[in-house]
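Okay, so here's the structure we're looking at.
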Amino acid sequence: MILVWFIIIPLLGGALAWLLGRRSSGLARWVSLLSLVVEQVMIIVIWLRYYQSSPSPGSWFLDMQWVWIPQLGISFHLAMDGLSLLMMALTVFLGIMSVAISWTEIRERVGFFHLNLLFILAGISGVFLSLDLFLFYFFWELMLVPMYFLISIWGHENRVYAALKFFIFTQLSGLLMLISILGLYFVHAHTTGVYTFDYLRLLGTSMSPVASFWLMIGFFIAFAVKLPVVPVHTWLPDAHTEAPTAGSVVLAGLLLKTGAYGLIRFLIPLFPHAAHSLVPAAFILGVAGILYGALLAFAQHDLKRLVAYTSISHMGFVLLGIFAWNELGLQGAVMQMLCHGISTGALFMLVGALQERIHTRDMNVMGGLWQKIPRMGAVVLFFALASLGLPGLGNFVAEFLVLLGSYKVNVALTSMAVTGLIFATIYSLWIVQRVFHGELKKKWTVADLNIRETTLMVFLIISLVWLGLYPQPVFDTAKPALTGLREAAVMTVQGATGPAATDKSGGNPDLKGDGR
Amino acid sequence: MNSADLYAFLPFIILGIASVVVMLGISVYRNHAVTNLLTLLGLVLSGLALALVANWIPRQVTPLFIADRYSFFYTGLILGATFFTALLSYGYLEKLGGQREEFYLLLILAALGSSALVASSHFASFFLGLEVLSISLYGMIAYPRRGAADIEAGIKYLVLAALSSAFLLFGMALVYAKTGTMEFGPVASKAGELSGSPVFLAGLALIIVGLGFKLAVVPFHMWTPDVYEGAPAPVTGFIATVSKGAVFALLLRYFSGLQPASNPPLFLVFAVIAASSMFVGNLLALLQRNIKRMLAYSSIAHLGYLLVAFLAGGPFRVSAVTYYLVAYFITTLGSFGVITVLSSRSGDADDIGLYEGLSLRRPWIAAIFTAMLFSLAGIPMTAGFMAKYYVLLAGVGSALWFLVIILVVNSAIGLFYYLRIIVAMYKKPEGDTPHGAGAGETIPASGGFVLAVLVLLLLWLGIYPSPLIEMIRGLL
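Note that the protein sequences, when read in sequence, are chains A and B.
Just so you know, we're using the numbering used here here: the first sequence kicks off at 1 and counts up by one.
Just so you know, we're using the numbering used here here: the second sequence kicks off at 517 and counts up by one.
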């Protein structure tokens, strides 16, 4: 029962913020912050209890199921294991950060802004918690609309274009996933006679390799667009650059993670066979993303766009780690999701704070700002170092583990991925160099980070150092879930060989005729 | 015809009586509010009669009509849509002035015609229903007589509807010549053996052409944008929902007997119509700046989506089409409802420029319109999402991969123009816009009520569709 509150609280909080926001902007902000803090407390309590419970692999710590549309085999099924717990913790944490960082940036239609922000968080929470594929798709689509509003109303110069592009990319890819979900539904019904969208029952559905491959592709496209994987990444730089700060934080910190989460939770366990055949391609795409994102980051003089491209590079590691599908790789991918969320979120917050002060994101006119705003300079330096993978900070742990994991799968591509770390070093230091060092190009009068911003940064820094120095609690939390998923995926490989082999001799492995 | 037949036919009889009462009422005491109330009363009574005589169905009432769950469900839908149209028209006509009362007479007659259409089981009743509907619509389209546009739209509809009726009649004649019967059941059962006969096929093709005109599917869609633009907004909503919905319900019932899914030529014809409707509708909608025209093209595309479900075989077909139609009724009535309440005496609020900054002037109306547009685009928590989902379910279930992919691509194209309206509404207008929609005008209470009800229905069907699905399962 408690899980549904993770959806209801932000929805109610958002609605309340909207209603109150017409009277007073301050009230809207406090209501949003308060509802997220309540969620954060809930998460911490759950986490502590989870940590004490020593869960077995593949078990669900919290599980709830309501009848929703029984005629079509749809239920309101939410569940939480270690993986979703970590993702939820990140969601709520960055949610608080986004509300707090928008405190002075957003001055227009404050209530509606918080409505959208909290609705996005509700949608993302739903994605991380759903165990019914229809429900998953429902939340997957639901989070797009408020994000669209966030970009198109409170964004920067080119916001309408960016918002539209974002929406069309994600919507179209989502519909392809929907077709795959429906295909899986009918394949399952065809073999078992049960019409259901329940993830746990659809796991291990036996199907022909051809069907499995095409269904998997539908999921892959949707997740690849979100992640993003290189050829379908073009929405990301625009959306990130044009979004308001909170929008960029949520996009980079959370929305991209839903793609990775989808790969881990749904794509590989549902189609282990087909996913296995995709490993070489996924590795190539991952490495391409790492290098391409890094290279394009060099070419930017818009600071926000630069950070956006580094996201593409960092998410390439996540793709590598996931498709390595061994313990090291997966733990690394999960770690990377958390650390990238925090470090890139922080960088976007800093860029936003800078833009709020000097009204530009163009690095050509910056420079020498360290003299003016040393505190901000130091904080940027810290997160730039985190982003380049300095040992002692979370990102290092993550990328190191991913590389260890993928090394076992493909040495050549892993070595190429390593060069991404060198690029990361260059562009990260370059940010600091071009913005904070050198000549002061204009006589800026800027204030340094204020108490609110400094407090937020302290939280972010502490969590990143914690993840870098003592990541064990995270590993312990994720491990049962990841082990369970890996076992489930392997088991289905063995289980499916029998029927798949007979299917081949049985002739028509096509999907046609199902459900007739 | 015995008393039980009469009893089962009660809802339709009440509608007929209501039209006479309204006519006499006008001649005795001409008053807009009273006429409107009488109309609403007639519609409600007819709706109550549907529930009252539910135990007497299914029943064949003379060879002409069939009263069963299917026809009752669709009659209920038509009555509901007419009820909302009557309420919306009240505020609209109140602003317009002039002689407003006869409008309701036409409205009831149109509802009667479309109910007869969905209950018909014979070419004669089919044609009668269709003509009663069409002739009422001519009058309704040209009713305000504000300028050339209304009259043009009315005449255009008159000419094309008459033409399509001629096609339909000729088609019926050919089918009758071959089968020797005008009842749908026997015609469908003889279709199998006659599928090689050119005369029979020609008759069928002509009927499809006639129905295609009414449904405004490509390539019979030319009249739609002009008529939608010229007709008063509530009437446009009525044409888009009741007139199309009734014809589609008929199509679904009787072409199901012909089994388009297992009849390759018939399947091909409908598949081509579906695919081209989706593409033409959505692509042309992209070019529009007039919201009524945009919605006209969008409705062409939506009929294309509906045809995908129509072509699907399997257990989901009828429920998918019906669900889609219900969602489409709510959404379309809501969209034209918004245009209606924002319209003024001088003309309908149909230019997209008028909508700039609407969210600041009229936040609730803008929110409702946003919900309606999201529903048309198929975004979760709205009825349109479940409807599109249901159609895709039916399509994938019958492995209509090609049409399903086209549908998906078109959904993405559709987003462009739905979002354009939304962007305009949430944009901050430069300077003040005294001419913007909703500035200064009051929103009629009846219209506001209709919109509130529709948006609640929209959300209800989008979040908890289970009761409706239960109701429409096994309609046929």
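For glycine and all other residues, C-beta sits at the position ideal for the given N, C-alpha and C.
{"query": "Beta-carbon contacts of G126 of chain A that lie in its chain and below 6 Å, excluding the five residues immediately before and after", "result": "I7 and F139"}
{"query": "Separation of L328 of chain A from F475 of chain A, as counted between CA atoms", "result": "10 Å"}
{"query": "Contacting residues, own chain, Cβ-Cβ under 6 Å from Y407 of chain A (five flanking each side not counted)", "result": "T414"}
{"query": "Cα-Cα separation between R361 of chain A and L653 of chain B, rounded to whole angstroms", "result": "58 Å"}
{"query": "Cβ contact (3+ pairs, closer than 8 Å) linking the region 815–824 of chain B and the region 747–766 of chain B", "result": "yes"}
{"query": "Residues sharing a beta bridge with Q65 of chain A, DSSP", "result": "A:H77"}
{"query": "Closer than 9 Å at the beta carbon, the chain B residues around I179 of chain A", "result": "L908, G911, V912, W917, V920, I921 and V924"}
{"query": "Sheet register partners of H638 of chain B (DSSP bridge)", "result": "B:E699"}
{"query": "Cross-chain neighbours of Y1007 of chain B in chain A, by beta carbon under 8 Å", "result": "This structure does not reach residue 1007 of chain B, given that chain B is present from 517 up to 992, and the question cannot be answered."}
{"query": "Exposure of Y470 of chain A, with buried meaning 16 or more beta-carbon neighbours within 10 Å", "result": "exposed"}
{"query": "F890 of chain B: contacting residues in chain A (beta-carbon distance under 9 Å)", "result": "V145"}
{"query": "Backbone CA spacing between I573 of chain B and T591 of chain B [nearest angstrom]", "result": "14 Å"}
{"query": "Inter-residue spacing [alpha-carbon to alpha-carbon] between F965 of chain B and F323 of chain A", "result": "54 Å"}
{"query": "Cβ neighbour criterion (16 or more within 10 Å) applied to W68 of chain A", "result": "buried"}
{"query": "Three-way DSSP call (helix, strand, coil) for G563 of chain B in this model", "result": "helix"}
{"query": "Neighbourhood of H156 of chain A by C-beta distance below 6 Å, restricted to the same chain and skipping five residues each side", "result": "E242"}
{"query": "Cβ-Cβ distance between L347 of chain A and L393 of chain A below 7 Å", "result": "no"}
{"query": "Helix, strand or coil at V733 of chain B [DSSP, three-state]", "result": "coil"}
{"query": "Chain A contacts made by the region 970–982 of chain B, where a contact means CB separation under 9 Å", "result": "Y980, P981 and S982"}
{"query": "Near-chain B residues of the region 126–145 of chain A (beta-carbon distance less than 7 Å), N- to C-terminal order", "result": "F138, E141, L142 and V145"}
{"query": "Chain-ordered neighbours of V939 of chain B on chain A, where CB pairs are closer than 7 Å", "result": "S152 and V160"}
{"query": "For V463 of chain A, three-class secondary structure by DSSP", "result": "Position check: residue 463 of chain A holds Ser in this sequence, whereas Val was assumed. Looking at S463 of chain A - three-state DSSP - the assignment turns out to be helix."}
{"query": "Proximity of G341 of chain A and G253 of chain A at Cβ, strictly below 7 Å", "result": "yes"}
{"query": "Residue-chain proximity (G14 of chain A, chain B), Cβ-Cβ < 7 Å", "result": "no"}
{"query": "Assigned exposure category for W880 of chain B - 16 Cβ within 10 Å defines buried", "result": "exposed"}
{"query": "Members of the region 68–94 of chain A that neighbour chain B once the beta carbon cut-off is set at 8 Å", "result": "W68, I69, P70, Q71 and L72"}
{"query": "Paired residues, beta bridge with F581 of chain B - DSSP", "result": "B:V577 and B:S636"}
{"query": "Backbone secondary structure at D866 of chain B - three-state DSSP", "result": "coil"}
{"query": "Pairwise C-alpha distance: V703 of chain B and T695 of chain B", "result": "6 Å"}
{"query": "Start-to-end residues for the alpha helix (DSSP H) that takes in K257 of chain A", "result": "L256 to G262"}
{"query": "Cβ shell of L799 of chain B (< 8 Å), same chain only, five flanking positions each side left out", "result": "I929"}
{"query": "CB of I870 of chain B within 7 Å of CB of G753 of chain B, strictly", "result": "Residue identity differs from the one stated: residue 870 of chain B is Leu in this sequence, not Ile. Result no, Cβ atoms of L870 of chain B and G753 of chain B do not sit closer than 7 Å."}
{"query": "Inter-stretch contact (C-beta, 8 Å, three-pair minimum) for the region 563–579 of chain B and the region 520–530 of chain B", "result": "yes"}
{"query": "As assigned by DSSP and simplified to three states, the class of S84 of chain A", "result": "helix"}
{"query": "Span of the alpha helix (DSSP H), counted from its first residue to its last, around H340 of chain A", "result": "E327 to I358"}
{"query": "Residue closest to V458 of chain A, alpha-carbon to alpha-carbon, out of A:K165, A:I2 and A:M97", "result": "A:M97"}
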